[in-house]
Amino acid sequence: MVEWIVGVGSTLLVLIMIGFVGLEVFADSSSPQLSITLLNDEPGIAPNEVRFEVRNSADTTAAAVVIRGHLGNEADPTQISEVTFDYVPAHSKARGALIFATAVAGKKVAVRAAGYSDP
């Protein structure tokens, strides 16, 4: 009798897991929603460094996430720096830094997500 109870329970558990995976496969997946927050108030930042946090608020992971920073006017920047994250998982955040050749103090800095790929 115990074997039957364990067998039925295991079968139900396997069917529930298959159903969950099936729902995830066919669920409408949205594209990643990436946002950037500058973290320049952290201690120990070099004068030519801009630290940031990229947050993915979507249900989809973003791979090969490119973050680009412009020092000066974005239409005609004096310097451009770029960093690539291997991935930013769904509902998570990652931190990084852009390093410019000169100090960034007193200059306009624009940081944005430049692109990603689907994993």
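Following numbering that gives the first Met the number 0, the residues of the sequence shown are numbered contiguously, the last one being 118.
Idealized CB from N, CA, C, for every residue including glycine.
Where the alpha helix (DSSP H) through Thr120 begins and ends: Examination of residue 120 is not possible in this model, given that the chain is present from 0 through 118 alone.
Beta strand (DSSP E) runs contained entirely in the stretch 30-61, provided each spans 3 or more residues: 33-37 and 48-55
Three-state secondary structure (DSSP) of Leu69: It should be pointed out that residue 69 corresponds to His in this sequence rather than to Leu. Of the three classes helix, strand and coil, the one that applies to His69 here is strand, per DSSP.
Residue environment, Ala112, which counts as buried when at least 16 other CB atoms sit within 10 Å: buried
Euclidean distance between Cα positions of Lys106 and Arg50: 15 Å
Euclidean distance between Cα positions of Leu37 and Glu52: 6 Å
Exposed unless 16 or more other CB atoms sit within 10 angstroms - verdict on Asn72: exposed
Top-ranked residue by Cα proximity to Val103, from Ala45, Glu2 and Ser29: Ala45
Local conformation of Gly114 per DSSP, three classes: strand
Buried versus exposed, by CB contacts within 10 Å (16 or more), Phe187: With the chain covering only 0 through 118, there is no way to say anything about residue 187.
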